[in-house]
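Residue numbers (the numbering used here), protein chains in the order written: chain A, 1 to 230; chain B, 231 to 460.
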DNA sequence: CTCACTTAGTGTATAAGTTACACTATCTGA
DNA sequence: TCAGATAGTGTAACTTATACACTAAGTGAG
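In structure tokens, the structure reads:
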């Protein structure tokens with residue numbers, strides 16, 4: 001039976017502490033599919049297996065900072081939209097000992113992705129969500145929760161805009177929604193819906209590609225990537 | 231600049247680790263108000279100040295277990311509904327050093343509350359949410375997030391049922407919603423709504439108190455306290 | 001230069017869901 | 001038996017969501 005006292009620091013010094021890590025589920029839309037970024041582990045345990053990018057939190061490092069740093073170190077990806085997902089702390093989730101993982105999910109537009117294996121990750125690659133390889137630790141659980149959160153937030157937030165580049169057409173935006181939701185949406189209702197949020201403004205530019213009418217380019221109204229409804 | 235490797239355990243042993251704690255925001259409806267449980271701190275820092283119940287996580291202890299244990303040790307309260315809220319990890323949130331806190335919120339019906347100051351808490355007391363004393367650390371932020379979450383979940387989940395005793399009348403349930411939302415609800419629409427969820431069944435018992443028509447008693451349909459929509 | 005092709009862009013009628021609203025029912029206690 | 005108190009019930013108006021088909025504006029080939 002534990003006999004710990006609340007914020008009695010003697011416990012802090014006298015007892016072994018769990019390690020604290022961050023893990024990141026980075027989503028992006030690529031090749032018309034919802035994909036996420038995995039790194040190939042170089043070391044035991046699970047050496048050679050795919051896993052979420054992540055790593056241990058520095059003693060004076062904020063959690064978000066840690067997540068962004070690990071992501072950059074292992075994959076070279078920066079400038080993503082980041083949100084905390086859940087903290088996974090089952091005492092047996094890491095075979096080497098107690099590791100508590102604060103999981104984040106991140107979103108990035110498809111045009112801002114250059115990735116490279118770095119740090120001690122052997123390789124970095126994008127995988128379609130519905131076609132994941134086996135992953136290390138409890139990372140499948142983390143990925144599933146991140147996906148459920150993403151789908152849920154599509155309905156009541158503007159989170160999907162984080163997948164879009166600076167300027168985009170309404171058809172492109174609709175395609176993103178359809179990919180994440182896995183269903184077709186009605187074009188007119190979709191446009192009515194997103195314009196009713198009144199967080200889009202149309203630029204004076206158009207996208208002309210292919211032998212057809214060029215599409216109006218839109219951007220987010222308020223400067224920066226704002227989320228209006230949490 | 232950090233040079234940490236992902237799950238390279240050498241980091242774990244070579245570097246100082248943050249302490250990990252759990253904090254619990256326990257809500258209940260009392261005296262017609264939404265209240266939460268605070269403990270008076272016995273030790274520095276913030277000795278004598280009110281704070282959320284909580285404490286350090288044991289090295290082999292699951293996070294939920296830790297939260298429930300701390301709650302019981304410090305306040306005597308058991309058997310609550312518990313859900314993870316958020317993990318607070320700002321590097322300066324505790325004056326003594328790095329403490330990462332996994333915050334939970336908990337709900338309990340008003341009839342199952344016996345509280346007593348225990349462990350090294352000087353005192354334990356319920357406070358109305360809109361009339362909180364100054365609280366230690368970043369606990370005000372934690373409380374605010376817990377409250378927002380609670381209000382948000384009223385709309386799309388059956389979480390409010392966790393405030394109810396085994397059997398309750400629809401008027402009592404409506405009162406709970408009104409207290410949490412801070413607004414009056416239409417009686418007929420409310421009853422239509424909750425009955426449409428079809429997770430209530432009416433018992434054959436009635437509550438007769440006061441000089442008026444007795445009310446039908448309901449209970450949750452499925453055994454246990456189930457939440458249907460996460 | 002015009003025609004075939006491709007995607008962009010637009011409005012309306014119906015269905016579904018939400019809101020507003022007032023009276024009768026049933027019990028207690030004087 | 002009557003006054004007082006809370007329980008319990010339905011409907012019409014309004015708002016929101018859904019289903020649905022054609023015209024517009026480019027490109028490129030013949």
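For every residue, glycine included, the Cβ atom is placed at its ideal position computed from N, Cα and C.
In chain B, what lies closer than 9 Å to residue i by C-beta?
i             : result
residue 90(A) : 292 and 293
Can you tell me the Cα-Cα spacing of residue i and residue j, whole angstroms?
i              : j              : result
residue 387(B) : residue 160(A) : 24 Å
residue 421(B) : residue 403(B) : 10 Å
residue 209(A) : residue 221(A) : 24 Å
residue 312(B) : residue 213(A) : 55 Å
residue 130(A) : residue 409(B) : 43 Å
residue 330(B) : residue 250(B) : 5 Å
residue 332(B) : residue 252(B) : 5 Å
residue 224(A) : residue 270(B) : Model confidence at residue 224(A) stands at a pLDDT of 43, short of 50, so the residue's coordinates are unreliable and nothing is read from them.
residue 204(A) : residue 423(B) : 47 Å
residue 236(B) : residue 392(B) : Below a pLDDT of 50, predicted positions are generally treated as unreliable, and residue 236(B), at 41, falls in that range; no measurement from the model is reported.
residue 301(B) : residue 372(B) : 16 Å
residue 430(B) : residue 30(A)  : 45 Å
residue 77(A)  : residue 418(B) : 54 Å
residue 195(A) : residue 274(B) : 54 Å
residue 34(A)  : residue 28(A)  : 6 Å
residue 407(B) : residue 50(A)  : 46 Å
residue 268(B) : residue 298(B) : 15 Å
residue 384(B) : residue 411(B) : 8 Å
residue 382(B) : residue 292(B) : 27 Å
residue 93(A)  : residue 436(B) : 49 Å
residue 445(B) : residue 432(B) : 11 Å
residue 278(B) : residue 272(B) : 6 Å
residue 218(A) : residue 167(A) : 5 Å
residue 352(B) : residue 346(B) : 10 Å
residue 59(A)  : residue 184(A) : 47 Å
Could you pull the start and end residues of the beta strand (DSSP E) that residue i belongs to?
i              : result
residue 270(B) : 263-270
residue 62(A)  : Note, residue 62(A): premise wrong, no beta strand (DSSP E); not H, not E.
residue 328(B) : Neither: residue 328(B) is in no beta strand (DSSP E) and is coded neither H nor E.
residue 372(B) : Per DSSP, residue 372(B) belongs to no beta strand (DSSP E); it is in the alpha helix (DSSP H), 369-386.
residue 88(A)  : 81-88
residue 211(B) : Chain B is shown only over 231 to 460; residue 211(B) falls outside these bounds and no answer can be derived.
residue 357(B) : 353-358
residue 431(B) : 430-437
Does residue i have its Cβ less than 8 Å from a Cβ in chain A?
i              : result
residue 487(B) : No information on residue 487(B) is available, as it lies outside the stretch 231 to 460 that chain B covers here.
residue 287(B) : yes
residue 317(B) : yes
residue 237(B) : With a pLDDT of 42 at residue 237(B), under the threshold of 50, the modelled position of that residue is not reliable, and no figure is offered here.
Could you tell me which chain A residues have their CB closer than 8 Å to the CB of residue i, listed as they occur along the chain?
i              : result
residue 424(B) : What residue 424(B) touches in chain A: nothing, since even the nearest Cβ is about 22 Å away.
Looking at chain B, is there any beta carbon in it that lies within less than 8 Å of the beta carbon of residue i?
i              : result
residue 159(A) : no
residue 98(A)  : yes
residue 209(A) : no
residue 222(A) : no
residue 229(A) : Residue placement at residue 229(A) is flagged as unreliable, the pLDDT there being 37, under the threshold of 50; the coordinate-derived value follows with that caveat. Taking Cβ atoms only, chain B never reaches closer than 8 Å to residue 229(A), which makes this a no.
residue 215(A) : no
Tell me which residue opens and which closes the alpha helix (DSSP H) that residue i is part of.
i              : result
residue 220(A) : No alpha helix (DSSP H) holds residue 220(A); the beta strand (DSSP E) holding it covers 215-220.
residue 168(A) : Unbroken run through residue 168(A): none, as it is neither H nor E.
residue 420(B) : 417-426
Which residues in chain B sit within 7 Å of residue i, going by Cβ to Cβ distance?
i             : result
residue 84(A) : 316 and 317
For this session: Could you please tell me which residues of the stretch 13-44 of chain A, in chain order, have their CB closer than 8 Å to any CB of chain B?
Result: With the criterion set as a beta carbon lying under 8 Å from some beta carbon of chain B, the members of the stretch 13-44 of chain A are 15, 16, 17, 18, 19, 20, 21, 39, 41 and 43, in sequence order.
Problem set entry | Positions along the stretch 395-415 of chain B whose CB lies within less than 8 Å of some CB in chain A | So the list is empty, because no residue satisfies the distance condition.
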